[in-house]
Amino acid sequence: MKKGQFILSVLVANHAGVLTRISGLFSRRNFNIDSLNVAVTEDPLFSRMTIIARGDEAVQEQITKQLDKLHDVKKIELLTPEKTVLREHLLLKIKVTKKTRGEIVESVNIFRGRVVDFNLDSLTVEVTGESDKLDAFIKFVSQFGILEMCRAGALAVKRGAMADDSDK
Amino acid sequence: MKATGTKVIIETLIEQGCDTVFGYPGGAVLNIYDELYRNSNKIHHVISAHEQGAAHAADAYARVTGKAGVVIATSGPGATNLVTGIANAYLDSSPIVAITGNVALPLLGKDSFQEVDITGITMPITKHNYIVKDVNELADVIREAFKIAQSGRPGPVLIDVPKDVQTAVCDFENKKPEKMERICSVTEKQLEQVAKLISESERPYIYCGGGVVISQAGEEIEKLAAKIDSPIGFSMMGLSAVSADNPYWLGMTGMHGRYASTKANSEADLIIAAGVRFSDRATGNKSRYTQYAKVVHIDIDPAEIDKNISAYFGLIGDVKTVLTKLLAKLEKKTHTQWMDKIQQMRIQEGIQFVKDGVMHPKDIIEKVMEYTDENTIVATDVGQHQMWVAQYYRFKKPRTYLTSGGLGTMGFGMGAAIGGCFASGCKKTVLFTGDGSFGMNLNEMATAVSNNLPLVILIFNNGVLGMVRQWQNTFYDQRYSQTTLNRKTDFVKLAEAFGATGFRVMDIKMLKEALDTAFKTQGPVVIDCSISQDEKVLPMIPPGGSIDNIITR
């Protein structure tokens, strides 16, 4: 987590236009989204959004309250980094030669990543972890040449017992 | 029973207690209008000259009656013409339900004739909106729309209904509308803490906003003022909440507020703010605004607490409910010194006011007040005339004052006067407007004449866009860019062309004669009042300024 960032886990109604409503609210109220992830939950009526946003306490409070006013928003949780499992996912296509292949595969192993596609002159790898870990990996392998990069926004779940979904 | 989508729409509207709708027919709502035709004994439809006028009328209807105003428009341009009206209702928390037709489902997304994504367009200016793609969901969507529009902090809701959903058939049963609960999440402990804060205050100031009007909490505000011996100031939206005859009444505060109200606001040690959102027009420089004062902020919308002004205490709930609970905890107080000071401010305010010229706007407003009573609905447009009305018209009853506060919509007035007039049971209704604002939606004169509405329309005619000109005069070295209209429009002939009556008045004597006739005439009357183009709205606090920078002459 970078300075000033915070994590919102938002349970929303799963129907068309909800993503626009949420992202529209952020831009209209002049708030920043650093990353946003959305997918349907175990209950097909609801989707879960994980939003990483930035701002001081006042901004945090305003974002939470304004989101709460949207009819499609069912529940909002402000997650604290210490009590949260946070994961990002990275897919990276790296340029390889016979000489560099060994070193690259070794670094993928150190970062607990996996090689998912293999070619004469390229390797595609996936790495999962917190933001800093992915940044470190990208920085290291950039010396070999990055051909393509695809990185998903953060997913976050509170540690410990199940989140209270009684609001449903 | 089996019903078509349009039957469902009309039946649920009736079920929700709707007896008047405003709108304009078109291709995508032909079926709805066909159903309206068959139910014209149950729902009275008022056709406007332009959908914007219909939207403002529905907004005004809601402001006067307290229940949702309904507006119907066709797809495409019909729907986009509603946009300003919906935004206006959103900014002023007015409950309207807008129903738009859209092209049939298979044509959606194909750039079909008169197709726009009106739910996408209105997303940021509605409390919620829908596109209904399944006729089975239509009835409950309309019920939910009314509930959302009218509950909590009210606001507009739009329902877009594709044409084939209107003709599709489904099962339908009538349901009773849900009762609206008054929300209050305030705890005993909070109330005690606020009561303590109030008892310690030496210079309290009650700041009353539109939420007090919506919540019908004027009586509680008056009780509060009497109990803690505190003056009452108002945001523009709050003006009619308490009668101007109340001894604690100071009138509007802020950029063009009355001097005593703004001065007292800035010198208070405690601001008890009820149903306000601390607009930049009301506060000016925010750090100066709360320099000496702690703020107790009462509002039904939790997001308003700490949004613009940090509250020392936020009490979340319906204003009337919160105040009733708070009143029970308060001791009787007197603040002789503070009230003496307030009296001095009032005297100062009186001395400051200097008028010249033949017919000052204040004179016009005061003359009109001789003809109106406390129940008369008064609408305004936007600009200098609006500020003069806010400063000088003495409102006595809530829901009698229709003005565009948050959005500042020039052209609001004609639609608003029409909607307000219908809501009052077609009683005499007054519209104060300017030559600029009137020019924006004067097409609605046709609506007023067709319905023989008893509107008295006073045009404050200075031949210029006065408010912008005033800023150009004060802040732009008198470079009057595009504000000197001096149009050749003859408003008397124009009124007559529409089928109304028109007068041009140059002084108060002529105004009296015109008003004598106007208040006896059945249909709409336009009175074109000639005023000086250099008349300014005073006092004025420059944007971002405070009482320290007030311009009084």
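Protein chains in written order, with the working numbering: chain A, 59 to 226; chain B, 1062 to 1614.
Even glycine gets a Cβ: it sits at the ideal position worked out from N, Cα and C.
Presumed contact (8 Å Cβ cut-off) between residue i and residue j, rounded CB distance
| i | j | result |
| --- | --- | --- |
| B/Leu1252 | B/Ile1267 | The pair is not a contact, with the Cβ atoms about 17 Å apart (cut-off 8 Å). |
| B/Gly1375 | B/Ile1361 | That belief does not hold up - the Cβ atoms of B/Gly1375 and B/Ile1361 are roughly 11 Å apart, past 8 Å. |
| B/Gln1445 | B/Gln1352 | Not a contact, Cβ separation roughly 30 Å. |
| B/Ile1403 | B/Pro1292 | 5 Å |
| B/Leu1387 | B/Ala1478 | Not confirmed; about 37 Å, so no contact. |
| B/Ile1133 | B/Ile1093 | 6 Å |
| B/Asp1290 | B/Thr1395 | 5 Å |
| B/Pro1600 | B/Ile1612 | 6 Å |
| B/Lys1347 | B/Ile1370 | 6 Å |
| B/Met1420 | B/Asp1568 | 5 Å |
Coil, strand or helix - residue i by DSSP
| i | result |
| --- | --- |
| A/Ser146 | Correcting the residue identity first, residue 146 of chain A is Glu in this sequence and not Ser. In the structure shown, A/Glu146 sits in a strand (DSSP, three-state: E or B). |
| B/Leu1468 | coil |
| B/Lys1458 | coil |
| A/Asp175 | strand |
| B/Asn1369 | coil |
| B/Asn1504 | helix |
| B/Pro1215 | coil |
| B/Phe1083 | strand |
| A/Thr122 | helix |
| A/Gly211 | strand |
| B/Lys1224 | helix |
| A/Ala194 | helix |
| B/Asp1496 | helix |
| B/Glu1392 | coil |
| B/Asp1330 | coil |
| B/Lys1488 | coil |
| B/Lys1068 | helix |
| B/Gly1481 | helix |
| A/Asp225 | Note that A/Asp225 has pLDDT 40, beneath the 50 cutoff, so the model's placement of it is unreliable and no number is given. |
| B/Glu1596 | coil |
| B/Ile1359 | strand |
| B/Tyr1353 | coil |
| A/Asp92 | strand |
Backbone CA spacing between residue i and residue j [nearest angstrom]
| i | j | result |
| --- | --- | --- |
| A/Gly160 | A/Pro139 | 36 Å |
| B/Ile1108 | A/Leu148 | 58 Å |
| B/Ala1509 | B/Val1587 | 11 Å |
| A/Asp223 | B/Gly1279 | Note that A/Asp223 scores a pLDDT of 45, beneath 50, so its modelled location is shaky; the value from the coordinates is reported in the next line. Going by the C-alpha atoms only, they are around 40 Å apart. |
| B/Val1177 | B/Arg1460 | 35 Å |
| B/Phe1580 | B/Cys1079 | 30 Å |
| A/Arg21 | A/Val174 | The requested residue 21 of chain A is not part of the displayed model; chain A covers only 59 to 226. |
| B/Val1218 | B/Leu1331 | 36 Å |
| A/Lys197 | A/Val154 | 16 Å |
| B/Pro1086 | B/Asp1095 | 10 Å |
| B/Leu1391 | B/Lys1288 | 8 Å |
| B/Thr1187 | B/Ser1212 | 14 Å |
| B/Gln1447 | B/Thr1441 | 6 Å |
| A/Asp114 | A/Ala212 | 20 Å |
| B/Tyr1453 | B/Ser1260 | 33 Å |
| A/Arg112 | A/Glu119 | 12 Å |
| B/Ile1160 | A/Leu83 | 23 Å |
| B/Gly1527 | A/Thr78 | 40 Å |
| B/Arg1692 | B/Asn1502 | Outside the displayed range of chain B (1062 to 1614) lies residue 1692 of chain B, so it cannot be described from this structure. |
Residue closest to residue i, alpha-carbon to alpha-carbon, out of the options
| i | options | result |
| --- | --- | --- |
| B/Ile1282 | B/Gly1467, B/Lys1402, B/Thr1382 | B/Thr1382 |
| B/Phe1174 | B/Ser1136, B/Asn1142, B/Arg1204, B/Ile1147 | B/Ser1136 |
| B/Thr1437 | B/Val1491, B/Gly1084, B/Thr1145 | B/Val1491 |
| A/Ser67 | A/Leu136, A/Leu125, A/Ser200 | A/Leu136 |
| A/Lys127 | B/Lys1393, B/Ala1484, B/Ile1209, B/Glu1234 | B/Ile1209 |
| A/Ile65 | A/Ile152, A/Ala214, A/Gly218 | A/Ala214 |
| B/Leu1300 | B/Thr1470, B/Val1337, B/Arg1264, B/Gly1584 | B/Val1337 |
| B/Ala1165 | B/Asp1221, B/Ile1377, B/Leu1468, B/Leu1097 | B/Asp1221 |
| B/Val1144 | B/Asp1589, B/Ala1123, B/Ala1116, B/Ile1412 | B/Ala1116 |
| A/Gly203 | A/Pro102, A/Ser93, A/Arg172, A/Ile162 | A/Ile162 |
| A/Ser180 | A/Leu150, A/Phe84, A/Asp92 | A/Leu150 |
| B/Gly1084 | B/Leu1516, B/Lys1063, B/Ser1262, B/His1106 | B/His1106 |
For residue i: DSSP bridge partner residues
| i | result |
| --- | --- |
| A/Lys151 | A/Thr182, A/Glu206 |
| B/His1189 | B/Val1218 |
| B/Met1601 | B/Ile1612 |
| B/Trp1449 | B/Trp1449 is not bridged to any residue. |
| B/Arg1530 | For B/Arg1530, which the question treats as bridged, DSSP gives no partner whatsoever. |
| B/Lys1416 | DSSP, once it has assigned bridges, lists no residue as partnering B/Lys1416. |
| B/Lys1063 | B/Asp1232 |
Check: residue i C-beta below 7 Å from any heavy atom of the ligand NAD
| i | result |
| --- | --- |
| B/Lys1236 | In the structure shown, the ligand NAD is absent, as is every other ligand, since no ligand is present at all. |
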